[in-house]
Each structure stands twice: as structure tokens, then as C-alpha cells.
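Q: Residues in the sequence shown are numbered consecutively from 1, following UniProt numbering. Glycine included, C-beta positions come from ideal geometry on N, C-alpha and C. If you're wondering where the values come from, they're calculated on a predicted model, not measured in any experiment.
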Amino acid sequence: MKFEPDTLERRLSRRFETPIPEARQFRWIKEIASAASWLESLDYFHGDLRLENILLDETEHVKVCDFGRAMKRGCKIDVATYPFYCPAKNPVAGPAHEQFAIGSCIYTIRTGEVPYGQWETPEDFKRMHEALLQGNYPPTEDDAVLGHIVSSCWHSSFESMGDVEAAIERVVGQLCEEGSAICLSQEEHDICVQKCREFLAQQGQEHRENNAV
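1) How should phenylalanine 26 be labelled, buried or exposed, when 16 other C-beta atoms within 10 angstroms of its C-beta is the threshold for buried?
2) Give the secondary structure of aspartate 190 by DSSP, where H, G and I count as helix, E and B as strand, and everything else as coil.
3) Is valine 62 closer than 8 angstroms to alanine 35 when the C-beta atoms are compared?
4) Can you check which of these residues, Val171, Leu42, Thr121, Pro139, is closest to valine 193 by C-alpha distance?
5) For the structure I just gave you, are there three or more beta carbon pairs, one from the region 78-94 and one from the region 12-30, closer than 8 angstroms?
6) Do leucine 51 and leucine 12 come within 8 angstroms of each other at the CB atom, strictly closer than that value?
7) Using the Cα positions of threonine 121 and glutamate 9, report the straight-line distance between them to the nearest angstrom.
8) With distances taken between CB atoms, is the gap from glutamine 203 to methionine 161 smaller than 8 angstroms?
9) Here's the rule: buried if 16 or more other CB atoms are within 10 angstroms of the residue's CB, otherwise exposed. What is alanine 181?
10) Decide yes or no for the touch test of the region 63-71 against the region 102-118: beta carbon pairs closer than 8 angstroms, at least 3 of them.
11) Can you give me the Cβ contacts of cysteine 65 inside the same chain, cut-off strictly under 6 angstroms, excluding the 5 residues immediately before and after it?
12) Indicate the three-state DSSP secondary structure (helix, strand or coil) for threonine 7 in the structure shown.
13) Report the option in Phe199, Phe125, Pro5, Gly135 whose CA atom is closest to the CA atom of aspartate 57.
14) Alpha carbon to alpha carbon, how far is arginine 15 from leucine 39?
15) Suppose the cutoff is 6 angstroms on Cβ atoms and the five residues either side in sequence are ignored; what does the same chain contact list for valine 150 look like?
16) Suppose the cutoff is 6 angstroms on Cβ atoms and the five residues either side in sequence are ignored; what does the same chain contact list for arginine 197 look like?
17) Near leucine 133, which residues of its chain fall below 6 angstroms by C-beta distance, leaving aside the five closest residues on each side in sequence?
18) For the beta strand (DSSP E) that contains lysine 63, what are its first and last residues?
19) Three-state secondary structure (DSSP) at valine 171?
20) What residue range does the alpha helix (DSSP H) around leucine 39 cover?
21) To the nearest angstrom, how far is it from the Cα of threonine 7 to the Cα of valine 79?
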């Protein structure tokens with residue numbers, strides 16, 4: 001994998017020194033949703049979508065990384081990262097899990113803070129975990145553009161990641177003026193698809209072997 005100079009998490013930490021235009025926020029959000037939707041088309045889900053696992057290239061286009069927890073639809077989720085995941089009974093990989101992470105990513109991009117703020121002590125984590133269990137999510141009304149989409153993602157209102165991508169496109173498609181993601185040729189696209197399928201198949205084999213031990 002090509003080395004990328006930054007992560008979305010680090011870039012947001014510098015938002016005061018280097019302001020982030022709203023159009024760029026919209027572009028990031030569209031690109032993240034597009035990546036998740038494309039992965040779903042392979043019947044896989046990232047499983048740990050959060051700002052630390054989203055790279056930015058030299059032109060600040062999104063490159064989702066760390067597919068070590070990618071799972072096929074319906075597989076049991078063993079590990080996830082709060083608050084980019086909502087605790088649930090018998091959680092499985094699918095649109096509900098993935099769109100919750102998208103909602104938290106959008107919230108963090110738009111506010112500059114992770115949902116529930118900074119939680120560094122066991123007491124902070126306990127309060128955040130209990131709020132997640134009870135469905136007491138941070139308010140989103142202040143974001144007139146994307147707040148309703150964040151809330152819908154947190155409440156699993158979308159049937160698929162394709163629906164999430166379409167909803168975001170409807171809202172910010174006309175507002176994003178910095179251009180779309182870098183396009184690939186058909187040949188480059190097919191090569192990328194094949195590499196992704198091979199990687200995911202290998203990860204699935206390793207996961208089955210580890211569970212068999």
C-alpha cells in the first residue's frame with residue numbers, strides 16, 4: 001500500500017491551525033460513504049470504520065485502510081470501537097453496524113469532536129457505554145445540513161450503505177464544489193476489485209483457521 005501522509009483523525013486535530021472548508025468536509029463524507037457502499041457491493045463490511053482508519057493523500061482525498069476486521073455479511077462481530085459502534089446483542093456485520101460508524105464519522109468531521117466528547121477515565125467510558133446502550137445519542141440538530149443523516153445512521157434507518165450514500169449525495173451533491181473522488185480506468189477498477197476479493201478471501205480463511213484452533 002502506498003504511504004499516505006496523514007489520517008483524518010490527525011487532520012481534524014489541526015483544524016484550528018489549518019481550517020477545513022465545508023466543501024472539503026462534504027467531499028470526505030461522500031468519499032467515506034462511497035467506499036462503504038462499494039465494499040457492501042462485495043457483500044463485505046469494514047467493521048472498524050473510524051477516523052484513525054481513514055487516510056488522506058497529498059490532495060486530501062480519502063483512502064480507507066485497515067481491513068483486518070472486514071467481515072462478510074452476517075458474520076458475528078467480535079471486536080469494535082466505541083463510539084463508532086453501538087453495543088448490541090449478537091451483533092453481526094451488516095448495514096446497521098456500518099451505518100452507525102458512518103454517522104459517528106460524519107458527526108466527528110462536522111463538529112471536530114468524537115461523539116460524547118473526550119472520554120479518558122473508566123468513569124467516562126462507563127457513562128458513554130451506558131448512553132450507547134440506552135440509545136441516548138448526542139444532539140445533531142445544530143447541523144442543519146447533515147444532522148438528520150447522522151441521527152438516521154445512529155438509529156439504523158437505512159436499508160443499505162448504498163442508501164446512505166444516496167442520501168448524502170442528495171444533501172451535499174450540489175454543495176460540494178471541490179470535485180469528486182479521483183476516477184479509475186475500467187482496467188484499474190477491475191484490478192482493485194480483484195485484489196480486494198483476494199485479500200478478503202485470505203482474511204476469511206485466516207479467521208476460520210484461528211477459530212478452529
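A: To lay it out plainly:
1) Position 26 of the sequence shown, counted from the first residue, corresponds to residue 26. Looking at its Cβ environment, which holds 16 or more other Cβ atoms inside 10 Å, phenylalanine 26 is buried.
2) As a working mapping, residue 190 is identified with position 190 in the sequence shown. Aspartate 190 falls in the helix class under three-state DSSP.
3) Here the question's residue 35 lines up with position 35 in the sequence shown. Here the question's residue 62 lines up with position 62 in the sequence shown. Result yes, Cβ atoms of alanine 35 and valine 62 sit closer than 8 angstroms.
4) The count along the sequence shown starts at 1 and reaches residue 193 at position 193. When each option's Cα is compared against that of valine 193, the closest is Leu42.
5) no
6) Numbered from 1 along the sequence shown, position 12 holds the residue referred to as residue 12. Numbered from 1 along the sequence shown, position 51 holds the residue referred to as residue 51. For leucine 12 and leucine 51, yes; Cβs fall inside 8 angstroms.
7) Within the sequence shown, the letter at position 121 stands for residue 121. Within the sequence shown, the letter at position 9 stands for residue 9. Rounded to the nearest angstrom, the two C-alpha atoms are 20 angstroms apart.
8) Here residue 203 refers to the residue found at position 203 of the sequence shown. Here residue 161 refers to the residue found at position 161 of the sequence shown. No.
9) On the sequence shown, position 181 is the one that residue 181 refers to. In this prediction, alanine 181 has a pLDDT of 44, which is less than 50 and means its spatial position is unreliable; what the coordinates show is noted afterwards. By the 10 Å Cβ count, alanine 181 comes out exposed.
10) no
11) On the sequence shown, residue 65 is found 65 positions in, with the first residue counted as 1. Excluding residues within five positions, the ones whose Cβ falls inside 6 angstroms are Asn53, Leu55.
12) Position 7 of the sequence shown holds residue 7. The answer is strand: DSSP assigns threonine 7 an E or B state.
13) Position 57 of the sequence shown, counted from the start, is the residue given in the question as residue 57. Looking at the Cα atoms, Pro5 is the closest of the given residues.
14) Translated into the one-based positions of the sequence shown, residue 15 becomes position 15. Translated into the one-based positions of the sequence shown, residue 39 becomes position 39. Taking the straight line from one Cα to the other gives about 29 angstroms.
15) Here residue 150 corresponds to residue number 150 of the sequence shown, with the count starting at 1. For valine 150, where only same-chain residues beyond five positions count, the Cβ hits under 6 angstroms are Gly103, Ile106, Tyr107, Thr140.
16) Taking the sequence shown and counting its residues from 1, one reaches residue 197 at position 197. Counting only Cβ-Cβ distances below 6 angstroms, and skipping sequence neighbours, we find nothing.
17) Here residue 133 is taken as the residue at index 133 of the sequence shown, counted from 1. Cβ neighbours of leucine 133 beyond the five flanking positions: Pro87.
18) In the sequence shown, the residue the question calls residue 63 occupies position 63. Element bounds for lysine 63: 62-64.
19) As a working note, residue 171 is residue 171 in the sequence shown. In the structure shown, valine 171 sits in a helix (DSSP, three-state: H, G or I).
20) As a first step, residue 39 is located in the sequence shown; it is residue number 39 there, counting from the start. 22-41 is the extent of the alpha helix (DSSP H) around leucine 39.
21) Residue mapping note: residue 7 aligns to position 7 of the sequence shown, counting from 1. Residue mapping note: residue 79 aligns to position 79 of the sequence shown, counting from 1. Roughly 22 angstroms separates the two Cα atoms.
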